[in-house]
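Asks: Numbering (my numbering), first residue to last: 13 to 260.
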Ligand code: SF4
Ligand code: SF4
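#1: Using the Cα positions of residue 131 and residue 60, report the straight-line distance between them to the nearest angstrom.
#2: Residue 129 lies in the beta strand (DSSP E); which residues open and close that run?
#3: Pick out whichever of 247, 22, 38, 28 has its Cα sitting closest to the Cα of residue 280.
#4: At least one CB of chain C closer than 8 Å to the CB of residue 131: is that the case?
#5: Residue 154 and residue 165 look like a contact to me (Cβ under 8 Å); what is the Cβ gap, rounded to whole Å?
#6: Which of the three DSSP states, helix, strand or coil, is assigned to residue 95?
#7: Compute the beta-carbon to beta-carbon distance between residue 139 and residue 32, rounded to the nearest angstrom, for a pair I have assumed lies under 8 Å.
#8: Do three or more CB pairs link the region 209-228 to the region 111-118 at distances below 8 Å?
#9: So is residue 14 buried or exposed if we call it buried at 16+ other beta carbons inside 10 Å?
#10: Check this for me: beta carbons of residue 240 and residue 81, under 8 Å apart or not?
#11: In chain order, which continuous runs of the beta strand (DSSP E) of length 3 or greater are located wholly inside the region 129-188?
#12: If you measure between the beta carbons of residue 231 and residue 215, is that distance less than 8 Å?
#13: Ordered along the chain, which non-local residues of its own chain (more than five positions away) have a Cβ less than 6 Å from that of residue 99?
#14: From residue 227 to residue 34, what does the alpha carbon distance come to, in whole angstroms?
#15: In the DSSP assignment, the beta strand (DSSP E) including residue 71 goes from what residue to what residue?
#16: Run the CB neighbour count on residue 237, radius 10 Å, all protein chains shown included, and call it buried at 16 or more, exposed below.
#17: Return the CA-CA distance between residue 90 and residue 186, expressed in angstroms with no decimal places.
#18: Suppose contacts are defined by Cβ-Cβ distances below 8 Å. Is residue 120 in contact with residue 70 by that definition?
#19: At a cut-off of 7 Å, would you count residue 200 as near ligand 1, judging by its Cβ distance to the nearest heavy atom?
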């Protein structure tokens with residue numbers, strides 16, 4: 013499958029992804045699955061697509077904070093926390109952009125006789141490390157050699173048996189601690205996050221009682237809300253990172 017793998021990777025870069033890595037469902041068995049806080053449920057590759065043979069991780073360079081814009085449904089807002097399993101009506105701009113690009117790759121594989129489908133429900137960061145795309149940074153995000161943490165991730169599950177990549181072994185952070193110092197709510201310690209102190213969790217969980225009041229207050233003040241149904245996630249721990257930082 014060397015030719016198909018190379019052709020696929022070439023196509024992934026051509027449609028606009030920054031980097032692409034491949035692994036197998038077996039290599040991802042040890043990852044954490046289930047609910048992340050109260051906002052997102054993670055599935056194994058087989059739960060998402062029973063006939064999956066390869067897991068492809070695709071990174072997209074999010075060069076502008078606008079990519080972190082969420083448009084939430086007015087039906088959802090004001091109804092309190094959604095129970096586990098309930099679909100949240102809303103759109104995250106980076107995901108919508110990536111899904112459109114990922115469907116072009118689904119089409120590429122279909123034309124060669126393989127099934128494929130995109131997924132946003134894998135433990136993307138740890139899967140991307142397994143695929144060699146980068147390491148976990150002290151801000152707990154994926155940090156890539158070229159763009160630091162300025163990437164969003166989407167996975168593609170396929171019945172094609174593609175050649176796999178080696179896990180990323182290096183720690184790119186070294187002595188740096190800029191993201192930890194810059195976090196407005198002090199949510200970060202090296203390589204760990206207190207999720208209830210993160211303004212992204214706070215804004216996604218508008219009525220959750222586990223968010224401290226000082227975090228709520230900062231979220232109301234600091235998280236940009238371009239319209240009455242939208243907000244732009246905090247990206248401070250991303251924008252301060254020196255790795256891959258664009259020059260002014
Ligand atoms: S997203 Fe904002 S609040 Fe959350 S850890 Fe990063 S800097 Fe802190
Ligand atoms: S700001 Fe520094 S410590 Fe934080 S993720 Fe980037 S390199 Fe690592």
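We treat Cβ as the ideally placed atom computed from N, Cα and C, and that holds for glycine.
Replies: Working from what's here:
#1: Residue 131 sits at position 119 when you count from the first residue of the chain shown. Residue 60 sits at position 48 when you count from the first residue of the chain shown. Near 7 Å, if we compare the C-alpha coordinates of residue 60 and residue 131.
#2: The residue you call residue 129 lines up with position 117 of the chain shown. That run of the beta strand (DSSP E) goes 128-131.
#3: Absent from the structure is residue 280, since the part of the chain shown begins at 13 and ends at 260.
#4: Structure shown: chain C not included; a single protein chain is present.
#5: Residue mapping note: residue 154 aligns to position 142 of the chain shown, counting from 1. Residue mapping note: residue 165 aligns to position 153 of the chain shown, counting from 1. With a Cβ gap of about 7 Å, residue 154 and residue 165 count as contacting.
#6: Numbered from its first residue, the chain shown carries residue 95 at position 83. Below a pLDDT of 50, predicted positions are generally treated as unreliable, and residue 95, at 48, falls in that range; no measurement from the model is reported.
#7: For the purposes of this step, residue 139 is identified with residue 127 of the chain shown, where counting begins at 1. For the purposes of this step, residue 32 is identified with residue 20 of the chain shown, where counting begins at 1. Contact doesn't hold; Cβ gap of about 12 Å is too wide.
#8: Per the Cβ contact rule, the region 209-228 is not in contact with the region 111-118 (fewer than 3 Cβ pairs under 8 Å).
#9: Position 2 of the chain shown, counted from the first residue, corresponds to residue 14. Label assigned to residue 14: exposed.
#10: On the chain shown, position 228 is the one that residue 240 refers to. On the chain shown, position 69 is the one that residue 81 refers to. Against a cut-off of 8 Å, the Cβ pair of residue 81 and residue 240 comes out as no contact.
#11: 163-170
#12: Residue numbering aside, residue 231 sits at position 219 when the chain shown is read from its first letter. Residue numbering aside, residue 215 sits at position 203 when the chain shown is read from its first letter. Yes, the Cβ-Cβ distance between residue 231 and residue 215 is below 8 Å.
#13: Taking the chain shown and counting its residues from 1, one reaches residue 99 at position 87. Per-residue confidence for residue 99 stands at a pLDDT of 49, beneath the threshold of 50, marking its modelled position as unreliable; the derived number appears in the next sentence. Cβ within range, chain order: n/a, list empty.
#14: As a working mapping, residue 227 is identified with position 215 in the chain shown. As a working mapping, residue 34 is identified with position 22 in the chain shown. Rounded to whole angstroms, residue 227 to residue 34 spans 38 Å at the Cα level.
#15: Translated into the one-based positions of the chain shown, residue 71 becomes position 59. Here the beta strand (DSSP E) through residue 71 covers 66-73.
#16: Within the chain shown, the letter at position 225 stands for residue 237. Its Cβ having fewer than 16 others within 10 Å, residue 237 is exposed.
#17: Here residue 90 is taken as the residue at index 78 of the chain shown, counted from 1. Here residue 186 is taken as the residue at index 174 of the chain shown, counted from 1. Bear in mind that a pLDDT of 45 at residue 90, under 50, signals an unreliable position, so the number given afterwards is only what the model happens to contain. Taking the straight line from one Cα to the other gives about 43 Å.
#18: Along the chain shown, one-based indexing puts residue 120 at 108. Along the chain shown, one-based indexing puts residue 70 at 58. Result no, Cβ atoms of residue 120 and residue 70 do not sit closer than 8 Å.
#19: Counting from 1 along the chain shown, the entry for residue 200 is found at position 188. Yes, ligand 1 has a heavy atom inside 7 Å of this Cβ.
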